[in-house]
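Presented below is the structure to which this report refers.
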Amino acid sequence: MEKFLAFDIGGTFIKYAVIKEDAELVESGKTATPDTLEGLINIIVGYAEANADAKGIAISAPGAVSEEGIVYGSSALPYIHGPNIKQMVKEKTNRPVFMENDANCAGYAEVWKGAARGKQDVLAVVLGTGIGGAVIKNGSLHKGAHLHGGEFGYMLTRPELSEEDNTWSATASTAALVRMVAAAKRVESSSLSGEKIFSMAETGDNDCINAIDKFYHNLAVGLYNLQYIFDPELIVIGGGISARPDLTDRIGEKLEQILSRIDIATVKPKIAACHFRQNSNLLGAVYGLMKQINPSYR
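The sequence shown begins at 1 in full-length UniProt numbering and counts up by one.
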């Protein structure tokens with residue numbers, strides 16, 4: 001069974017793994033993210049030399065990653081933006097290299113072996129400080145004309161234009177939930193977290209209960225819009241919130257309320273929590289590499 005070497009580039013750590021073609025992790029770990037591009041390339045090449053039997057190298061990275069391997073946009077690692085990292089790694093390792101945006105990799109992991117396995121038209125929505133995700137059409141990534149496919153957080157979900165941020169990220173991300181509770185309690189956002197807010201709600205804190213209810217409504221509004229824009233078979237939800245056992249039920253309740261007020265809306269979005277979490281970017285990058293090597297691979 002063939003093996004592949006995968007890397008997930010983050011601002012603090014670089015995760016790495018040796019992954020078999022059936023998605024089994026043979027070996028995994030992490031190392032501190034270096035301060036320079038040269039240091040990054042040296043880490044990848046070093047692991048490639050230590051794993052000479054790996055058939056290719058799969059890389060998940062922040063930013064808008066082009067097919068050629070240039071990372072556009074911005075991230076916590078300015079040095080990755082501009083150089084053709086994919087080509088540099090390919091030349092130094094003499095092996096096939098796949099490189100893709102981290103949220104797109106997470107979406108690929110779900111289609112390969114996760115909650116969306118067997119589906120062809122899928123949206124992955126990843127909640128965190130903002131909202132990102134992936135668009136998968138006919139089993140493959142749809143990145144868009146400007147590499148912004150899946151940037152759902154920029155969607156406007158409130159009609160008014162004002163000094164406030166009216167994007168979906170500003171109303172339905174986990175950071176938005178924290179801001180709502182902080183404003184209600186008149187405390188610093190840094191003193192709260194999504195996990196803490198849900199725990200406080202379970203003990204009867206009304207500010208947290210009300211904020212969570214509004215959060216789920218705002219989330220459902222965006223998911224409703226996405227369903228009627230793309231009409232996917234399934235929308236998978238990722239990020240820390242995906243660990244909540246009541247996630248899909250709460251979203252489902254809010255979607256029912258929305259659909260009950262719109263007579264012509266008869267399609268209720270099908271929602272599932274992402275199956276993979278900490279290893280999703282690594283697994284999805286390997287799936288992308290396997291599809292690159294063999295375009296007919298499903």
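Where is the CB? At the ideal position from N, CA and C, for every residue including glycine.
Worksheet item: Is Y72 helix, strand or coil when you go by DSSP?
Response: Of the three classes helix, strand and coil, the one that applies to Y72 here is strand, per DSSP.
Worksheet item: Expressed to the nearest angstrom, what Euclidean distance is found between the alpha-carbon atoms of I9 and T36?
Response: Between the C-alpha atoms of I9 and T36 there is a straight-line separation of about 13 Å.
Worksheet item: Counting only runs that start and end within the stretch 25-64, where is the beta strand (DSSP E) found for 3 or more residues in a row?
Response: Fully enclosed beta strand (DSSP E) runs of 3 or longer: 25-32 and 54-61.
Worksheet item: Hey, quick one: how far does the beta strand (DSSP E) through N101 stretch, first residue to last?
Response: Element bounds for N101: V97 to N101.
Worksheet item: Around the Cβ of T171, are there at least 16 other Cβ atoms within 10 angstroms (buried) or fewer (exposed)?
Response: Residue environment for T171: buried (at least 16 other C-beta atoms within 10 angstroms of its C-beta).
Worksheet item: Just curious, the alpha helix (DSSP H) that G133 is in, first and last residue?
Response: Where G133 is concerned, there is no enclosing alpha helix (DSSP H), although the beta strand (DSSP E) around it starts and stops at I131 to K137.
Worksheet entry | Helix, strand or coil at V267 according to DSSP, with G and I counted as helix | Of the three classes helix, strand and coil, the one that applies to V267 here is coil, per DSSP.
Worksheet item: What distance in whole Å lies between the Cβ atoms of T33 and L5, which are believed to be in contact at a cut-off of 8 Å?
Response: Not really, about 17 Å apart at Cβ, beyond 8 Å.
Discussion item. Please state whether the Cβ-Cβ distance between residue 308 and F98 is less than 8 Å.
Written reply: The requested residue 308 is not part of the displayed model; the chain covers only 1 to 298.
Worksheet entry | Contacts around K13, its chain only, beta-carbon distance under 8 Å, and the 5 residues preceding and following it disregarded | What sits at residue 13 in the sequence shown is Phe, not Lys. So the list reads K30, T31, A32 and T33, once near-sequence residues are dropped.
Fill in: From Y228, N138, P295 and A103, residue whose alpha carbon lies closest to that of A61
Of the listed residues, the one whose Cα sits closest to A61 is A103.
Practice prompt. Spell out a yes or no on whether the stretch 280-289 and the stretch 242-259 are touching, meaning 3 or more CB-CB pairs, one atom from each, closer than 8 Å.
Written response: Touching, no.
Discussion item. What does DSSP give as the partner residue(s) for L127 in the beta ladder?
Written reply: Under the DSSP definition of a beta bridge, L127 partners with I131.
Discussion item. Taking a contact to mean a Cβ-Cβ separation below 8 Å, would you say Q120 touches E21 in this structure?
Written reply: For the 8 Å CB-CB criterion, Q120 and E21 do not form a contact.
Practice prompt. Indicate the three-state DSSP secondary structure (helix, strand or coil) for V122 in the structure shown.
Written response: Judged by DSSP in its simplified three-state form, V122 adopts strand.
Worksheet item: Is any beta-carbon of chain B found at less than 8 Å from that of I70?
Response: Of the protein chains in the structure, only one exists, and it is not chain B.
Discussion item. Is the beta carbon of N101 closer than 8 Å to that of V135?
Written reply: One thing to note: V135 has its Cβ no nearer than 8 Å to the Cβ of N101.
Worksheet item: Okay, do the stretch 160-178 and the stretch 208-216 touch, 3+ Cβ pairs below 8 Å being the bar?
Response: Enough Cβ pairs lie closer than 8 Å, so yes.
Worksheet item: In chain order, what residues of the same chain have a beta carbon less than 7 Å from the beta carbon of P83, not counting five sequence neighbours either side?
Response: Once the five neighbours on either side are set aside, the close Cβ partners of P83 are L37.
Item to complete: Keeping to the same chain, check which residues put their C-beta closer than 6 Å to that of A109; ignore five residues upstream and five downstream.
Response: Only F276, S280, L283 and G284 meet the Cβ criterion.
Worksheet item: Between the C-alpha atoms of L141 and S162, what's the straight-line distance to the nearest angstrom?
Response: Looking at the two C-alpha atoms, the distance is approximately 34 Å.
Discussion item. Can you list, in chain order, the residues of its chain with a C-beta nearer than 6 Å to that of A265? Leave out the 5 residues immediately preceding and following it.
Written reply: Here the set comprises L259.
Fill in: Exposure label - N138; buried when at least 16 CB within 10 Å
Per the 10 Å Cβ criterion, exposed.
Item to complete: Output yes or no for whether 8 Å exceeds the beta carbon distance between Y47 and S28.
Response: Cβ distance not < 8 Å, so Y47 and S28 don't count as in contact.
Item to complete: Below 8 Å on the Cβ atoms is my guess for I235 versus L127; work out the distance and round it to an integer in Å.
Response: Contact flag wrong, Cβ pair sits at about 12 Å.
Worksheet item: Are the Cβ atoms of V71 and I41 separated by less than 8 Å?
Response: Taking 8 Å as the Cβ cut-off, V71 and I41 do not qualify as a contacting pair.
Worksheet entry | Unbroken beta strand (DSSP E) run spanning A17, endpoints | Run containing A17: F13 to K20, per the beta strand (DSSP E) assignment.
Worksheet item: Do you know how far the Cα of G222 is from the Cα of T157?
Response: If I take the Cα positions, the gap works out to 7 Å.
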